[in-house]
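Residue numbers (UniProt numbering): 1 to 294.
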């Protein structure tokens with residue numbers, strides 16, 4: 001029973017993305033090398049104490065609690081699989097507890113600043129690249145979709161009649177997200193402009209490079225970082241910050257938490273509840289500024 005068998009299971013049975021599979025593979029290879037070099041053990045010979053040694057070594061190397069927790073999550077899934085396949089007699093992860101991770105509030109940009117950015121006639125001109133960049137920001141903030149979901153969007157996923165977009169999320173779960181009139185008009189104009197470019201590489205994908213090839217992660221990161229610099233002094237400027245901004249804006253305007261969960265494509269409500277902390281902090285600020293007894 002090898003790591004490759006496990007990864008094949010995750011790919012075909014669990015339908016994990018290629019990004020997640022690569023992450024699992026990296027974690028397992030690192031763990032396997034540590035066990036072999038430190039204890040001369042194979043993965044099926046590992047005991048609880050060996051996993052603990054691996055954890056300590058990671059922490060001593062300065063690996064963050066989040067990363068250690070993720071690696072342990074990979075190992076839990078792996079040994080659960082091995083146990084079910086009778087490849088091991090006992091699960092070495094049964095007594096392992098992940099290190100406590102300090103809670104961090106999601107980083108977001110104020111919606112008024114984002115509106116100011118997107119309404120700017122100075123930052124965005126009529127060129128294809130500029131209109132694409134604007135659409136990237138508008139789509140991420142206007143729908144809250146993930147970077148991977150943005151890159152997979154096709155022109156046919158936009159339903160102008162229903163004012164919605166179809167998004168393929170994690171584990172191939174499809175969801176429908178409503179879009180506002182501003183984003184809808186921007187999408188129409190962009191698709192027309194894209195057609196007029198007469199790119200040699202024809203693709204159904206919505207977002208493309210200046211030469212018509214499929215957009216890629218680092219391109220989207222650069223676009224987001226470039227434009228958020230104009231309205232935010234925060235160190236973190238990423239597509240996920242705009243996803244956080246989308247969720248926080250909805251919550252601040254009274255949206256139901258379950259509805260936000262569905263819009264974001266979260267598997268559980270617990271993942272969505274993190275945004276309530278931002279709202280509580282906002283209420284505290286308002287209280288301190290406005291109440292005479294604050």
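Using N, Cα and C, we set each Cβ at its ideal position, and we do this for glycine too.
* **Three-state class that DSSP yields for residue 99 in the structure shown** => Translated into the one-based positions of the chain shown, residue 99 becomes position 99. In the structure shown, residue 99 sits in coil (DSSP, three-state: anything other than H, G, I, E or B).
* Asked: When the distance is taken between beta carbons, is residue 153 closer than 8 Å to residue 205?
  -> If you number the chain shown from 1, residue 205 lands on position 205. If you number the chain shown from 1, residue 153 lands on position 153. Between residue 205 and residue 153, the C-beta gap is smaller than 8 Å, which places the two residues in contact.
* To do: Tell me where the alpha helix (DSSP H) around residue 65 begins and ends.
  => If you number the chain shown from 1, residue 65 lands on position 65. It spans 65 to 84 - the alpha helix (DSSP H) in which residue 65 sits, taken as one unbroken run.
* Who are the near neighbours of residue 134 in its chain, counting only those whose CB is closer than 6 Å to its CB and skipping five residues on each side? -> On the chain shown, position 134 is the one that residue 134 refers to. Residues 124 of the same chain have their beta carbon placed closer than 6 Å to that of residue 134, with the five preceding and five following residues left out of the count.
* With respect to the alpha helix (DSSP H) encompassing residue 239, which residues constitute its N-terminal and C-terminal limits? -> What you label residue 239 is simply residue 239 of the chain shown in a count that begins at 1. Unbroken alpha helix (DSSP H) run through residue 239: 239 to 252.
* To do: Would you list the residues sitting across from residue 177 in a DSSP beta bridge?
  => Position 177 of the chain shown, counted from the first residue, corresponds to residue 177. Under DSSP, residue 177 shares a beta bridge with 165.
* To do: Starting from residue 6, trace the alpha helix (DSSP H) both ways and give me its first and last residue.
  => As a first step, residue 6 is located in the chain shown; it is residue number 6 there, counting from the start. Run containing residue 6: 3 to 12, per the alpha helix (DSSP H) assignment.
* Asked: In three-state DSSP terms, what is residue 208?
  -> Residue numbering aside, residue 208 sits at position 208 when the chain shown is read from its first letter. Three-state result, residue 208: strand.
* Could you give the DSSP three-state label for residue 213: helix, strand or coil? => In the chain shown, the residue the question calls residue 213 occupies position 213. Three-state DSSP puts residue 213 in coil, outside helix and strand.
* Asked: Taking the DSSP output, what are the residues bridged to residue 154?
  -> If you number the chain shown from 1, residue 154 lands on position 154. Residue pairing by DSSP places residue 154 opposite 205 in a beta bridge.
* Asked: residue 75 and residue 139 look like a contact to me (Cβ under 8 Å); what is the Cβ gap, rounded to whole Å?
  -> Residue 75 sits at position 75 when you count from the first residue of the chain shown. Residue 139 sits at position 139 when you count from the first residue of the chain shown. For residue 75 against residue 139, the beta-carbon gap comes to about 36 Å, at or over 8 Å, which does not count as contact.
* **Between the CA atoms of residue 148 and residue 230 - distance to the nearest angstrom** => Here residue 230 corresponds to residue number 230 of the chain shown, with the count starting at 1. Here residue 148 corresponds to residue number 148 of the chain shown, with the count starting at 1. The C-alpha of residue 230 lies about 25 Å from the C-alpha of residue 148.
* Asked: So is residue 239 buried or exposed if we call it buried at 16+ other beta carbons inside 10 Å?
  -> As a working note, residue 239 is residue 239 in the chain shown. Its Cβ being crowded by 16 or more others within 10 Å, residue 239 is buried.
* Go ahead and label residue 243 buried or exposed: buried means 16 or more other beta carbons lie within 10 angstroms of its beta carbon, across all protein chains shown. => By one-based count along the chain shown, residue 243 stands at place 243. Looking at its Cβ environment, which holds 16 or more other Cβ atoms inside 10 Å, residue 243 is buried.
* Going along the chain, which residues of its own chain have a beta-carbon closer than 6 Å to the beta-carbon of residue 157, five neighbours each way excluded? -> Within the chain shown, numbered from 1, the residue matching residue 157 stands at position 157. These residues qualify, in order along the chain: 165 and 166.
* Counting only the same chain and skipping the five closest in sequence on each side, list residues whose C-beta sits under 8 Å from that of residue 99. => Taking the first residue of the chain shown as 1, we reach residue 99 at position 99. Taken in chain order, the residues that qualify are 55, 59, 65, 68 and 69.
* To do: For residue 198, name the three-state secondary structure that DSSP assigns.
  => As a first step, residue 198 is located in the chain shown; it is residue number 198 there, counting from the start. Coil at residue 198, not helix or strand.
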